[in-house]
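S.K.: Counting from 10, one number per residue, gives the positions in the first sequence under the numbering used here.
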Amino acid sequence: MSEEKSLREIRLEKLERLRELGLDPYAVERFERSHSPQEVLDQFESLSGHVQVAGRVHSYRLMGKAGFAHISDGDGKIQGYFRKDDIGETLWEAYNLLDIGDHIGIIGEPFVTKTGERSIHVKSFVPMSKSLQNLPLGKEKDGQQWYGLSDVEQRYRHRHLDLIANPDARRDLVNRCKIVSSVRRFMDGRGYLEVETPMLQFQAGGAAARPFLTHYNAYDTEVKLRISLELYLKRLICGDLPKVYEIGRVFRNEGVSNRHNPEFTLLEYYEAYSNLEDIMESVESMFRHVAMEVFGTTVVSIAGKEGEIDDDGVPGVELDFGKPWARVDMMEAIERHTGLQLADFVDLETAKSAVKERRVSNPITGKQIVLDGERNLGGLIEKLLEVFVEPTLQQPTFVVGYPLETSPLAKHDPHRAGFTRRFEGYVRGREVCNAFSEINDPVDQRERFEQQLREAAKGDDEAHPMDEEFIYALEAGMPPCGGCGIGLDRMAMLLTGADVVREVLLFPLMKPEGS
RNA sequence: GAGACGGUAGCUCAGUCGGUAGAGCAUCGCCCUUUUAAGGCGUGGGUCCUGGGUUCGAGUCCCAGCCGUCUCACCA
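1) So the alpha helix (DSSP H) F458 belongs to, where does it begin and stop?
2) Considering only the alpha carbon of each residue, which of S159, D51, I115, A335 lies closest to D177?
3) Under the DSSP definition of a beta bridge, which residues are partnered with H79?
4) What do you get for R235, buried or exposed, if any count of 16 or more other CB atoms within 10 angstroms of its CB means buried?
5) To which residues of the same chain is T415 closer than 7 Å at the C-beta, ignoring the five residues directly before and after it?
6) Quick one: residues in its chain with C-beta nearer than 7 Å to the C-beta of L245, no 5 flanking neighbours on either side, listed in chain order?
7) Using three-state DSSP, classify V265 as helix, strand or coil.
8) Beta carbon of H346, beta carbon of F397: below 8 Å?
9) Based on Cα-Cα distance, which residue from E38, R384, N184, E25 lies nearest to K361?
10) Identify which residue in L32, C442, V121 has its Cα closest to the Cα of E290.
11) Drop a sphere of 10 angstroms on the beta-carbon of N267, count the other beta-carbons inside from all chains shown, and report buried for 16 or more, exposed for fewer.
12) Would you check if there are 3 or more beta carbon pairs closer than 8 Å linking the segment 473-484 to the segment 274-287?
13) As a quick exercise: from L515, R219, V60, R20, pick the residue whose alpha carbon is nearest that of P34.
14) Suppose the cutoff is 8 Å on Cβ atoms and the five residues either side in sequence are ignored; what does the same chain contact list for A507 look like?
15) Here's a check: name, in chain order, each residue in its chain whose Cβ is nearer than 7 Å to the Cβ of D338, leaving out the five neighbours to either side.
16) Who does N443 pair with in a DSSP beta bridge?
17) Judging by CA-CA distance, which residue of T99, I113, I96, D94 is the nearest neighbour of I87?
18) Would you call W334 buried or exposed, if buried means 16 or more other Cβ atoms sit within 10 Å of its Cβ?
19) Compute the Euclidean distance between the alpha carbons of F516 and V265, then round it to the nearest angstrom.
20) So, under 8 Å CB-CB, G540 and A444 are touching, yes? Tell me the CB distance rounded to an integer number of Å.
21) Would you mind reading off the limits of the beta strand (DSSP E) that contains F428?
22) Can you tell me where the beta strand (DSSP E) holding F40 begins and where it ends?
23) Mapping the DSSP letters down to three states, classify Y241 as helix, strand or coil.
24) Based on the DSSP output, what are the partners of H224 in its beta bridges?
25) When you compare only the Cα positions, how much space is there between G157 and R65?
26) Comparing C-alpha positions only, which one of S43, P417, A419, L413 sits nearest to A426?
27) Under the three-state reduction of DSSP, which class applies to A63: helix, strand or coil?
28) For the alpha helix (DSSP H) containing Y104, list its first residue and its last residue.
29) Which partner residues does L328 have in the DSSP bridge list?
30) From the DSSP secondary-structure annotation, give me the bridge partner or partners of V409.
31) To the nearest angstrom, how far is the alpha carbon of D469 from that of E327?
32) Report, in whole angstroms, the separation of the C-beta atoms of H473 and Q454, which I expect to be a contact under 8 Å.
33) Give the C-beta separation of R367 and G348 to the nearest angstrom, bearing in mind that I take them to be a contact with Cβ-Cβ under 8 Å.
34) Assuming L60 contacts P136 under a Cβ cut-off of 8 Å, what Cβ separation, rounded to an integer in Å, is found between them?
35) Going by DSSP, which residues form a beta bridge with G114?
36) Looking at T359 and D329, is the spacing between their C-beta atoms short of 8 Å?
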């Protein structure tokens with residue numbers, strides 16, 4: 010017999026005894042709460058008479074004929090003081106049957122203990138659920154924690170235990186949820202219409218990624234999970250819904266990493282008659298709005314204060330989303346950080362040999378950069394951006410002017426051949442948004458797709474497929490339009506200071522155990 | 001996909017040179033009517049990730065596998 014089983018049996022026996030006492034926890038449906046645990050603490054001075062508070066038992070100390078227990082609803086923690094003389098024989102036995110992890114409701118009067126803790130002198134209480142498991146609740150004093158649940162795998166696999174045991178994890182996950190709802194309020198407040206578009210698609214477009222495949226029995230057809238929101242949203246722009254957005258899950262059949270989960274939450278929004286400047290303004294305003302609404306400040310401190318180094322050697326950065334973001338031209342930034350000249354980028358071979366001749370090396374590793382694998386000039390340019398420029402973009406910055414080859418849905422830049430009216434936003438060296446003036450010329454769009462088909466033929470398995478239905482919509486006439494995509498998990502990482510995406514996902518994808 | 005590291009009680013972890021498995025907390029029993037990492041005395045609790053191998057003997061050494069963490073690669 011395992012230890013866990015016998016523990017469960019003991020708790021089941023306690024449950025049975027509670028039922029014999031007429032205190033069946035699971036028979037309770039409702040408990041009238043006058044305050045939350047945190048509210049009792051916050052409003053302590055002004056409280057009069059009795060309070061009714063519910064929560065999970067987090068600590069339990071029995072001393073003969075009296076005892077203490079902290080209860081928490083996850084937000085705050087309040088101590089109850091139980092005395093046999095005050096609650097009577099039956100409830101005293103019920104108190105003795107309590108375990109850490111049970112839910113109870115207590116009715117009593119606020120008072121301060123000898124040691125100065127704001128507490129509730131319990132006059133009566135109601136058991137409302139029995140915990141049949143030994144919960145990994147640590148002990149805690151003055152903000153310091155002992156024991157608890159720290160095994161990362163267990164925290165992700167059994168997230169409810171993490172939420173119960175680790176207040177910091179709970180805070181970040183709750184803030185992630187608040188960030189998403191704050192974004193939604195921002196979009197609604199600006200008059201965008203929230204829409205829902207298909208997740209099951211016969212052709213997954215709008216991004217460069219491999220899709221998940223599944224089978225639809227009724228049509229006996231292969232269907233794909235969406236990798237982006239873009240094309241359906243622009244079909245709505247074509248349908249004269251001039252301001253639309255969607256917040257939804259997209260799925261990319263790729264590996265996991267610190268920054269990647271195969272399903273993630275994407276915001277995309279499109280606005281007719283607006284251009285890149287308008288989109289930049291809305292991104293700035295959105296971050297400002299969300300930071301203020303969720304954190305009450307536009308200043309986000311990462312790894313301590315600006316200029317300080319934390320225990321892990323991470324330099325502190327203060328990001329101020331109250332200020333406008335910096336704007337840099339992509340090619341100017343690359344020239345500045347690589348020493349290469351615009352003339353070096355006339356074609357792919359010239360650029361490759363220029364990189365070799367100038368012995369351009371990675372500023373961090375010091376190794377000479379190898380770009381032999383790049384199939385086109387645009388890809389090479391983006392690689393240079395990634396290696397040389399991105400790490401320097403700590404403060405919020407828009408990088409403007411992306412290459413044509415890697416931007417099959419963005420308008421040509423009329424003033425610069427080979428480039429598009431597209432920008433990405435970077436913070437802490439990481440991409441946070443991708444935006445452009447959308448192509449509304451159906452002939453141009455068809456040519457871009459055809460170019461992608463040629464890339465596919467050369468072996469690019471992430472090249473964009475032809476989408477006739479999308480072009481059909483463009484042919485009806487689409488107004489000029491700016492669009493933007495923001496990975497909300499990345500945004501949540503940025504604002505909560507998480508450096509692992511799984512810390513802001515309630516249930517990250519894990520391999521099945523024992524497979 | 002590659003490398004490094006890890007997987008021992010419910011939780012957090014030790015385990016030396018290969019010699020019958022340890023601690024704290026939690027559990028269970030007793031004492032204790034203002035404690036708070038409560039305390040005191042006592043008690044139970046193990047598929048040492050899995051499967052092979054070496055050995056008289058494996059938590060420990062070797063091989064393979066599973067899962068995880070970190071780094072890298074991949075990821076517009």
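Just so you know, even glycine gets a beta-carbon here, dropped at the ideal spot from N, CA and C.
M.R.: Reading it off the structure:
1) If you number the first sequence from 1, residue 458 lands on position 449. Counting along the chain, the alpha helix (DSSP H) containing F458 begins and ends at 451-466.
2) By 1-based counting over the first sequence, the position of residue 177 is 168. Residue S159 is the option with its Cα nearest to D177.
3) Indexing the first sequence from 1 puts residue 79 at position 70. Beta-bridge pairing links H79 to S68, Q88.
4) The residue you call residue 235 lines up with position 226 of the first sequence. Buried: at least 16 other Cβ atoms inside 10 Å.
5) Indexing the first sequence from 1 puts residue 415 at position 406. Counting only Cβ-Cβ distances below 7 Å, and skipping sequence neighbours, we find G387, G388, E391.
6) By one-based count along the first sequence, residue 245 stands at place 236. Cβ within range, chain order: V204, V253.
7) Locating residue 265 in the first sequence gives position 256, where the first residue counts as 1. V265: coil per DSSP, three-state reduction.
8) To locate residue 346, count along the first sequence from 1; it is residue 337. To locate residue 397, count along the first sequence from 1; it is residue 388. Yes. Within cutoff.
9) Start at 1 with the first residue of the first sequence, and residue 361 comes out as number 352. Nearest of E38, R384, N184, E25 to K361, Cα basis: R384.
10) Taking the first sequence and counting its residues from 1, the one referred to as residue 290 is at position 281. If we check each option's Cα against that of E290, C442 comes out closest.
11) Position 258 of the first sequence, counting from 1, holds the residue named residue 267. Classification for N267: exposed.
12) no
13) Sequence index remark: in the first sequence, residue 34 carries index 25 (1-based). When each option's Cα is compared against that of P34, the closest is R20.
14) What you label residue 507 is simply residue 498 of the first sequence in a count that begins at 1. Cβ within range, chain order: D181, A501, V513.
15) Numbered from 1 along the first sequence, position 329 holds the residue referred to as residue 338. Closer than 7 Å at Cβ, skipping near neighbours: V409, G410.
16) Taking the first sequence and counting its residues from 1, the one referred to as residue 443 is at position 434. Its beta-bridge partners are E433, G494.
17) The sequence position of residue 87 within the first sequence is 78, counting from 1. Cα-wise, what sits closest to I87 is I113.
18) What you label residue 334 is simply residue 325 of the first sequence in a count that begins at 1. Buried: at least 16 other Cβ atoms inside 10 Å.
19) In the first sequence, residue 516 corresponds to position 507, counting from 1. In the first sequence, residue 265 corresponds to position 256, counting from 1. Those two C-alpha atoms are separated by around 14 Å.
20) Since the first residue of the chain shown is 10 and the last is 524, residue 540 is not available in this structure.
21) Counting from one through the first sequence, the residue named residue 428 turns up at place 419. F428 -> no beta strand (DSSP E), and no H or E assigned at all.
22) Along the first sequence, read from residue 1 onward, the residue named residue 40 stands at position 31. It is not in any beta strand (DSSP E) - F40 carries neither H nor E in the DSSP assignment.
23) Residue numbering aside, residue 241 sits at position 232 when the first sequence is read from its first letter. Residue state, collapsed to three classes: helix.
24) On the first sequence, residue 224 is found 215 positions in, with the first residue counted as 1. In the DSSP output, where bridge partners are listed per residue, H224 has E231.
25) Within the first sequence, residue 157 is the residue found at index 148, counting from 1. Within the first sequence, residue 65 is the residue found at index 56, counting from 1. So the alpha carbons of these two residues sit roughly 16 Å apart.
26) Taking the first sequence and counting its residues from 1, one reaches residue 426 at position 417. Ranking S43, P417, A419, L413 by Cα distance to A426 puts L413 first.
27) In the first sequence, counting from the first residue as 1, residue 63 sits at position 54. Reduced to three states, the DSSP call for A63 is strand.
28) Counted from its first residue, the first sequence places residue 104 at position 95. Its alpha helix (DSSP H) spans residues 93-105.
29) For the purposes of this step, residue 328 is identified with residue 319 of the first sequence, where counting begins at 1. Answer by DSSP bridge pairing, in chain order: V309.
30) Numbered from its first residue, the first sequence carries residue 409 at position 400. According to DSSP, which records beta bridges pairwise, V409 is partnered with D338, F432.
31) Along the first sequence, read from residue 1 onward, the residue named residue 469 stands at position 460. Along the first sequence, read from residue 1 onward, the residue named residue 327 stands at position 318. Cα-Cα distance, rounded: 40 Å.
32) Looking up residue 473 in the first sequence gives position 464. Looking up residue 454 in the first sequence gives position 445. About 10 Å; that fails the 8 Å criterion.
33) Counting from 1 along the first sequence, the entry for residue 367 is found at position 358. Counting from 1 along the first sequence, the entry for residue 348 is found at position 339. About 6 Å separates the two Cβ atoms, so the contact holds.
34) Position 51 of the first sequence, counted from the first residue, corresponds to residue 60. Position 127 of the first sequence, counted from the first residue, corresponds to residue 136. Note on residue identity: the sequence assigns Val, not Leu, to residue 60. Not really, about 18 Å apart at Cβ, beyond 8 Å.
35) Along the first sequence, read from residue 1 onward, the residue named residue 114 stands at position 105. A63, V135.
36) Walking along the first sequence from the start, residue 329 turns up at place 320. Walking along the first sequence from the start, residue 359 turns up at place 350. No.
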